């Protein structure tokens with residue numbers, strides 16, 4: 101099956117803990133993204149990677165750090181989570197040089213207590 | 726920076742009647758790609774329509790939109806709404822490199838029987 105996969109589906113944690121989310125795509129794309137969808141359903145880009153290189157780094161707190169081991173994998177680590185980090189984190193991928201259509205994964209819902 | 730405006734947070738329409746969701750934008754890019762994404766409940770956003778050609782109508786699944794650069798608009802329309810169209814709709818524009826999508830705030834479409 102070709103798609104964008106994310107783990108875990110849900111994560112509940114306490115303020116100050118560290119969390120990590122994983123994303124894998126089997127679409128053969130060369131660009132991957134992290135988006136944050138908040139409780140009001142606002143959808144905003146956080147990071148994008150092209151062939152393991154960071155291309156876009158929006159105004160995101162320094163406790164967020166993405167990591168890409170290869171063009172098919174993109175992880176997101178949050179050190180010392182805060183209540184405002186509660187959201188759905190969506191991973192997406194696309195093929196540059198194509199039509200720029202981005203394919204989204206199902207998301208990881210983070211709840212910070 | 727770029728911005729996408731969706732003026733309606735919620736649109737309610739009776740099944741079988743036409744529907745229009747508004748989208749306007751501001752950008753300094755000359756070459757741009759526009760999208761309508763649809764997100765059904767508890768699912769990932771997925772592309773509904775795409776366009777980068779001025780004044781050309783694009784259609785998919787009964788929906789249509791035309792990019793009008795003169796008025797900076799990319800409104801979404803359907804002649805006959807279906808119950809299954811109930812979802813959250815996002816208008817988005819891509820930077821020229823395809824590394825970042827800027828989303829509008831989203832419009833929830835509710836189709837009543």
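Protein chains in written order, with our numbering: chain A, 101 to 213; chain B, 726 to 838.
We treat Cβ as the ideally placed atom computed from N, Cα and C, and that holds for glycine.
Source: prediction; values computed, not measured.
- The residues 130, 171, in chain order, have a CB closer than 6 Å to that of residue 151 of chain A in the same chain once the five nearest residues on each side in sequence are set aside.
- Look at the beta carbons and you see the region 810–828 of chain B touching the region 139–155 of chain A: at least three pairs across the two are nearer than 8 Å.
- Taking 7 Å as the cut-off, the beta carbon of residue 792 of chain B is found closer than this to the beta carbon of residue 776 of chain B.
- Residue state for residue 821 of chain B is assigned as coil, using DSSP reduced to three classes.
- Contact between the region 767–787 of chain B and the region 730–741 of chain B is absent: fewer than three C-beta pairs spanning the two stretches fall below 8 Å.
- Assignment of beta-bridge partners to residue 799 of chain B by DSSP yields no partner.
- Buried is the label assigned to residue 204 of chain A, since at least 16 other Cβ atoms lie within 10 Å of its Cβ.
- Taking C-beta separations shorter than 6 Å and ignoring five residues to either side along the sequence, the partners of residue 833 of chain B in its chain run 735, 813, following chain order.
- Close to chain B, meaning a Cβ-Cβ distance shorter than 7 Å, are the following residues of the region 109–142 of chain A: 131, 141, 142.
- For residue 784 of chain B, the enclosing beta strand (DSSP E) stretches over residues 782–785.
- Residue 110 of chain A counts as exposed, since fewer than 16 other beta carbons sit within 10 angstroms of its beta carbon.
- The beta-carbon of residue 107 of chain A is placed no less than 7 Å from the nearest beta-carbon of chain B.
- Taking a Cβ-Cβ threshold of 8 Å, the residues of chain B close to residue 190 of chain A are 769, 770, in chain order.
- Within the region 748–780 of chain B, 758, 760, 762, 764, 767, 768, 769, 770, 771, 772, 775, 777 place their CB atoms closer than 9 Å to a CB of chain A, listed in sequence order.
- In terms of beta-carbon proximity, residue 196 of chain A lines the interface with chain B, with at least one pair separated by less than 7 Å.
- Residue 156 of chain A belongs to the set of residues whose beta carbon lies under 7 Å from a beta carbon in chain B.
- The beta-carbon distance between residue 112 of chain A and residue 176 of chain A, rounded to whole angstroms, is 17 Å. This is too long to meet the 8 Å contact definition.
- When the Cα atoms are used, residue 153 of chain A and residue 168 of chain A turn out to be separated by approximately 8 Å.
- By alpha-carbon distance to residue 121 of chain A, the top candidate from A/206, A/106, A/161, A/101 is A/106.
- Within the region 119–176 of chain A, the complete beta strand (DSSP E) runs of at least 3 residues fall at 119–125, 131–137, 143–150, 153–157, 164–170.
- Taking the Cβ atoms as the reference, residue 127 of chain A lies roughly 6 Å from residue 193 of chain A, within the contact range of under 8 Å.
- In terms of Cβ geometry, residue 830 of chain B and residue 751 of chain B do not form a close pair [threshold 7 Å].
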